[in-house]
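Undergrad:
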Amino acid sequence: MIEFDEQLSLAYRSDAELADYLEAIGDEEGARELRAAGARGQGLARLLGKVYTHSAHVVGYIPEGRPTGELVPIKSAFEAEPDHSLVGSQIKVTLDAFQVAQYPGFGQHTVLFDFQGRDQAGDEAQDLQFATVLTINDNDRAAVNGVPIFTGLTVPRDGLSFKARTILIANKGDQTIIDVLQSSAFKDGLKLMGQVQPALPQLVSLAGGIAQNLLRREWNEQVQLFDLGLDFGAGQTSARLRRGSYVVVQVPGASMWRWGSWRFDPHTMSVVDSDGKAAPYNVIVFGITESASGEARSAMRAEGQTALDASRHA
Numbered sequence: 155m156i157e158f159d160e161q162l163s164l165a166y167r168s169d170a171e172l173a174d175y176l177e178a179i180g181d182e183e184g185a186r187e188l189r190a191a192g193a194r195g196q197g198l199a200r201l202l203g204k205v206y207t208h209s210a211h212v213v214g215y216i217p218e219g220r221p222t223g224e225l226v227p228i229k230s231a232f233e234a235e236p237d238h239s240l241v242g243s244q245i246k247v248t249l250d251a252f253q254v255a256q257y258p259g260f261g262q263h264t265v266l267f268d269f270q271g272r273d274q275a276g277d278e279a280q281d282l283q284f285a286t287v288l289t290i291n292d293n294d295r296a297a298v299n300g301v302p303i304f305t306g307l308t309v310p311r312d313g314l315s316f317k318a319r320t321i322l323i324a325n326k327g328d329q330t331i332i333d334v335l336q337s338s339a340f341k342d343g344l345k346l347m348g349q350v351q352p353a354l355p356q357l358v359s360l361a362g363g364i365a366q367n368l369l370r371r372e373w374n375e376q377v378q379l380f381d382l383g384l385d386f387g388a389g390q391t392s393a394r395l396r397r398g399s400y401v402v403v404q405v406p407g408a409s410m411w412r413w414g415s416w417r418f419d420p421h422t423m424s425v426v427d428s429d430g431k432a433a434p435y436n437v438i439v440f441g442i443t444e445s446a447s448g449e450a451r452s453a454m455r456a457e458g459q460t461a462l463d464a465s466r467h468a
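Here the sequence shown stands for residues 155 to 468, where the numbers follow the working numbering.
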């Protein structure tokens, strides 16, 4: 399975490196600001409010239920009670919200959303990977409302592990790959069954290969990465698995975050403060519900191979 590397994120770049990058993608004002700050010392990008340079992520939880139209409280995922009835069942994982406060550059951003998980089919585990392309502006949210990531994901006794990353695609030469990733074949999610599927390793390799090729291309940069384990334990220092929504926020420091200060607005599908103002952070929300799918079909079809071949020869 393709390894995710947090050190590749923009959060780990120096002010000078960030300035060079911003200049290359057309944000000359941002580059000048960082260069001026760099004259007084390194690591000032976060102090200048560059949201995409935050290195930490916090995870909140919203219980399942019908929206009431009011602001919904969010609690820490570490405070959620585990749902042991999920063990052995099949669940659906969906991308419910993608809220951007700030990504590098100007205008509409093109972002690869890359999500990994693990399916426990019988006594064997299958690594899974789903990738899709989103378009979004700063201070806005992408047009996602329950987009399937995995359907029919079997829950083992030890819980599930999810990893996700976002890659800003600033290389204009990657349009062919972007077109394929925006096709319907890459918007249906991975549909699984409660048994081992021999084709899955090849499909995972294909999705991972596309993501890795995009990340290696000049001016494409990783902005967010989080690694989340959801289990059924009784300890106080791990997140719990249950039906509902998980809210992941890119923040300056996890120790400073308090979920009591934030709510979820079901009208705008965004994280807001107590006054209803959108949070000045990048937010990803994914949901977990019961799965009714029994069909084995993959979103990673032959069209994806065309994209991978194109990325290798571009």
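Here a beta-carbon is modelled for each residue, glycine too, at the ideal position from N, C-alpha and C.
Pop quiz: Val437 and Gln262 are said to be a contact at Cβ under 8 Å. What is the actual Cβ separation, rounded to whole angstroms?
TA: The Cβ separation is near 18 Å, so there is no contact.
Undergrad: Report back the beta-carbon spacing between Gln244 and Ser428 to the nearest angstrom; my notes put them in contact at under 8 Å.
TA: With 8 Å as the limit, Gln244 and Ser428 do not qualify as a contact, their Cβ atoms being about 38 Å apart.
Undergrad: Within 10 angstroms of its Cβ, does Asp328 collect 16 or more other Cβ (buried), or is it exposed?
TA: It is buried - the Cβ of Asp328 has at least 16 other Cβ atoms within 10 Å.
Undergrad: Whose CA, out of Pro406, Asn325, Val401 and Phe380, lies closest to the CA of Asn367?
TA: Ranking Pro406, Asn325, Val401 and Phe380 by Cα distance to Asn367 puts Asn325 first.
Undergrad: What residues in its chain sit with their C-beta under 8 Å from that of Leu504, if we drop five residues either side in the sequence?
TA: Because residue 504 is not part of the residues shown, which for the chain are 155 to 468, the question remains open.
Undergrad: DSSP has Ser392 in a bridge; who is on the other side?
TA: Partner(s): none; Ser392 has no beta bridge.
Undergrad: Could you say which of Pro420, Ser168 and Val247 lies nearest to Arg295 if we only look at CA atoms?
TA: Checked all of Pro420, Ser168 and Val247; the closest Cα to Arg295 is Pro420.
Undergrad: Using the three-state DSSP reduction, which class does Ala353 fall into: helix, strand or coil?
TA: Confidence at Ala353 is low in this model, with a pLDDT of 45, below 50, so the placement of that residue should be treated as unreliable; the coordinate-derived value is given next. In this structure, Ala353 counts as coil in the three-state DSSP scheme.
Undergrad: Within the continuous beta strand (DSSP E) that includes Asp385, where are the two ends?
TA: Unbroken beta strand (DSSP E) run through Asp385: Glu375 to Asp385.
Undergrad: Leaving aside the five residues before and after Phe246 along the sequence, list all residues of the same chain whose C-beta is less than 6 Å from its C-beta, in chain order.
TA: Before going on, a small fix: residue 246 reads as Lys here, not Phe. Only Thr305, Thr443 and Ser445 meet the Cβ criterion.
Undergrad: Between which two residues does the beta strand (DSSP E) holding Asp427 run?
TA: Looking at the DSSP string, the run of the beta strand (DSSP E) that includes Asp427 is Ser424 to Asp427.
Undergrad: What's the call for Thr222, buried or exposed, on a 16-neighbour Cβ count within 10 Å?
TA: Flag for Thr222 reads exposed.
Undergrad: Can Pro406 and Ala210 be called in contact, C-beta distance under 8 Å?
TA: Yes, the Cβ-Cβ distance between Pro406 and Ala210 is below 8 Å.
Undergrad: In the DSSP assignment, find the unbroken alpha helix (DSSP H) run with Leu176 in it and report its ends.
TA: Its alpha helix (DSSP H) spans residues Asp169 to Ala178.
Undergrad: Closer than 8 Å is the cut-off here; do at least three beta carbon pairs connect the stretch 169-183 with the stretch 279-299?
TA: Not touching, per the Cβ criterion.
Undergrad: For His211, does the three-state DSSP call read helix, strand or coil?
TA: If DSSP states are grouped into helix, strand and coil, His211 belongs with the strands.
Undergrad: Per the DSSP calculation, Lys229 is bridged to which residue(s)?
TA: BP columns for Lys229 point to Tyr215.
Undergrad: Rounded to a whole number of angstroms, what is the C-alpha to C-alpha distance between Gly398 and Ala165?
TA: The alpha-carbon atoms of Gly398 and Ala165 are separated by roughly 30 Å.
Undergrad: Looking at the structure shown, is Val402 part of a helix, part of a strand, or coil, going by DSSP?
TA: Here Val402 sits in strand by DSSP.
Undergrad: Using only the alpha-carbon positions, how far apart do Pro434 and Val213 sit?
TA: So the alpha carbons of these two residues sit roughly 16 Å apart.
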